[in-house]
Every structure is written in C-alpha cells, then in structure tokens.
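**Q**
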Amino acid sequence: MNLLDIMRTSAVIPVIAIDDPDHAVPLAKALVAGGIRVLEVTLRTPHGVGAIRAMSAVEGAIVGVGTLTQPEEFAAARDAGAVFGVSPGLTDALIAAQKSSGLPLLPGVMTPSEVMKAREQGFKQLKLFPAVPAGGVGMLNAIAGPLSDITFCPTGGISQETAPAFLALKNVACVGGSWLTPKDAMKAGDWEHITALAKAASALRG
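Going by my numbering, the sequence shown opens with residue 1, and the numbers climb by one from there.
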C-alpha cells in the first residue's frame, strides 16, 4: 500500500501513546475490531518501538510510527514493523533519513510555504499540524485552490464532534486524533469501550 491508500483506509488515524507495553496488543485488537485499522504509535514514551513490533503482529492492523523527530528513529521503527511514518514537521535531516530508510513519511506542515517546500521534496500527502491552531477547516479550504494536488491528514485539536467537517473537505483523506484511546479506558482495560469509539469513528466518513 502506498501512503495515500493507507490514509484512505481509516477515516480516523488514532494517535497512540503506550505507557504500559501490555496494552499494545489488546488495544490494537480493540481498534481493528471497531474498523480502525491504521494505527499511529508515537515515540512519546519509551515503549513506542516495542509497541510497534507487538501491534504489527495483530491481524488487520496497519501500524505506523508517529512523532518522528530524529533521523535514527526511521530505521528502528521500520525494523520493528512500521509501514509508514508521521512527523510533526520536516527538516533536511528527516528528508535524508526518509529516503535512506524507504519508510513512507507523512510530514507535518502548518503554513502554505511549508506545504510548498514539502511538495518540492516530493511529498504530496501531508499532516496539517497542529490543525486547529493552524486554522482548521478554514485553512484547508483556503489552500485547496492554489495547492490542489496536496492531500491532508489534519491532526491536533480534532474531536469526534468536529471530525466530520474536516472529512467533508476534498483535500482531506483522514484525520488524526487521540480521542479513540482515552487513558482511563486503557488503564482499566476497557477494550470494549475503545472498540465502540472505533466503530463510531469508522462511521464518520459515511
């Protein structure tokens, strides 16, 4: 699957931070059971790479790595089973690491100039981040005309309630969000609740 295919697989890509490695597999199973197959496991905790390895073995899961900020993280995540990467921004070092690793990258951008710079480097699938502070739906509508060949996954400040307005835009393939993996439900092992959240998110695209 190419990056655009991955983005179109799930209406919402959950942004996952694993605090307890024992949560990785049941969380992945709960999300996949609810129809959310694309999972972004962030490197915000020490358990990120291990969680990617464990979740990649769950049938139906398409696991990527999030919060890529250092070049050396690309190869480690790829070797653990990640099939795509997500970064909050884009630097020359990250571009070089992406090309070296071959891991498809969804880089974060916030302004039209950043979109154009990313496009010059061959990136046409981008993450608008942080989406709501960057202008949200209005921002994406405004740049759809002059930058019509770019497809976005807006992330940052989006909720179950606001996601439909983003998903209705022609230049949005999916949204990123953390509401599918509430920490209290994970801590309690309430995987049925997470599956229910995933089912509701899967239905957002209609």
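Don't be surprised by glycine CBs; every beta carbon is placed ideally from N, CA and C.
With respect to the alpha helix (DSSP H) encompassing ILE183, which residues constitute its N-terminal and C-terminal limits?
**A** Reading off the sequence, residue 183 comes out as Lys, not Ile. Run containing LYS183: 183-188, per the alpha helix (DSSP H) assignment.
**Q** With respect to the alpha helix (DSSP H) encompassing PRO164, which residues constitute its N-terminal and C-terminal limits?
**A** Secondary structure note for PRO164: its alpha helix (DSSP H) is the uninterrupted segment 163-167.
**Q** Under 6 angstroms Cβ to Cβ from LEU169, same chain only, skipping five residues before and after it: list those, please.
**A** LEU140
**Q** Taking the beta carbon of ALA96 as the centre, do at least 16 other beta carbons fall within 10 Å, making it buried, or is it exposed?
**A** exposed
**Q** In whole angstroms, what separates the C-alpha of GLU59 from that of GLU40?
**A** 16 angstroms
**Q** Identify the residues that DSSP records as bridge partners of PHE74: which are they?
**A** Answer by DSSP bridge pairing: none, since PHE74 is not bridged.
**Q** Would you kindly check if the distance between the Cβ of PRO88 and the Cβ of PHE129 is under 7 angstroms?
**A** Judged by their CB atoms, PHE129 and PRO88 are nearer to each other than the 7 angstroms cut-off.
**Q** Using only CA atoms, which one of THR91, LEU94, LEU103 and THR67 lies nearest to VAL83?
**A** LEU103
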